[in-house]
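At position 52 of the sequence shown the residue is numbered 383 (our numbering), and the sequence of numbers has no breaks. Beta carbons are placed, not taken as given, at the ideal position from N, Cα and C, and that holds for glycine. All figures in this text were calculated on a predicted structure; none of them were measured in a lab.
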Amino acid sequence: MSVSASPAGAAVLLRQWAHDACYARSVRAPDLAAALLLNLEEAGSLGRQRIFPPSPHASRLQFVLDDDGETVLFIELSTLPMVTAEELTAVFGAARSIPPGPHQSGPTLVFDDLRPIDAPRGCLVMARLRGDDPRLALVESVTMSFE
């Protein structure tokens, strides 16, 4: 998928990745990598993480795996360029803010579940923010988990 190298383009790409993950054959690492057009063989391994090299669209992207070493529990990534909470809300819709955890500097936005009608699964998207104002804050990272 070709998108502009703008924050709005990065937000649209995130929406597309979440949508594609819902339609992946399964939540096994090879199937999710194929759905997201990622080469799993390029990913390094660190414990239960598969860490992909930086790309033009993501400075960081990793799969965090279950104990079986195949099932993806969640995907965590940081976009290039960084997006704002407002830009993500424009493409994902309403979100609720939850307070920061013990190792976070800002709140986390939790978006309504993405559930395409004919997809085999839904996707929960959360955005960890840098800064206190949920509308203007930059998004530090995005986490996608699956149901």
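Item                                                                                             : Value
Contact check, Ala349 vs Met475, beta carbons under 8 angstroms                                  : yes
Under 8 angstroms between C-beta atoms of Leu469 and Leu440                                      : no
For Arg346, the three-state DSSP class (helix, strand or coil)                                   : helix
Cys353 CB to nearest heavy atom of the ligand PLP below 7 angstroms                              : Absent from the structure shown: the ligand PLP. Ligands present: none.
N- and C-terminal bounds of the beta strand (DSSP E) containing Val358                           : Where Val358 is concerned, there is no enclosing beta strand (DSSP E), given that its DSSP letter is neither H nor E.
The beta strand (DSSP E) enclosing Leu419, as first and last residue numbers                     : It is not in any beta strand (DSSP E) - Leu419 instead sits in the alpha helix (DSSP H) that spans 416 to 423.
Per-residue burial, Gly375 [other beta carbons within 10 Å of its own, 16 or more giving buried] : exposed
Residues near Ser472 in its chain [Cβ-Cβ closer than 7 angstroms; skip 5 each side]              : Glu407, Leu408, Ser409, Arg459
Same chain only: Cβ atoms within 8 angstroms of Ala366, ignoring 5 sequence neighbours per side  : Asp351, Ala352, Tyr354, Ala355, Arg356
Residue ranges of each beta strand (DSSP E) within the segment 385 to 419, 3 or longer           : 389 to 396, 403 to 410
Cβ shell of Ser386 (< 8 angstroms), same chain only, five flanking positions each side left out  : Leu392, Leu411
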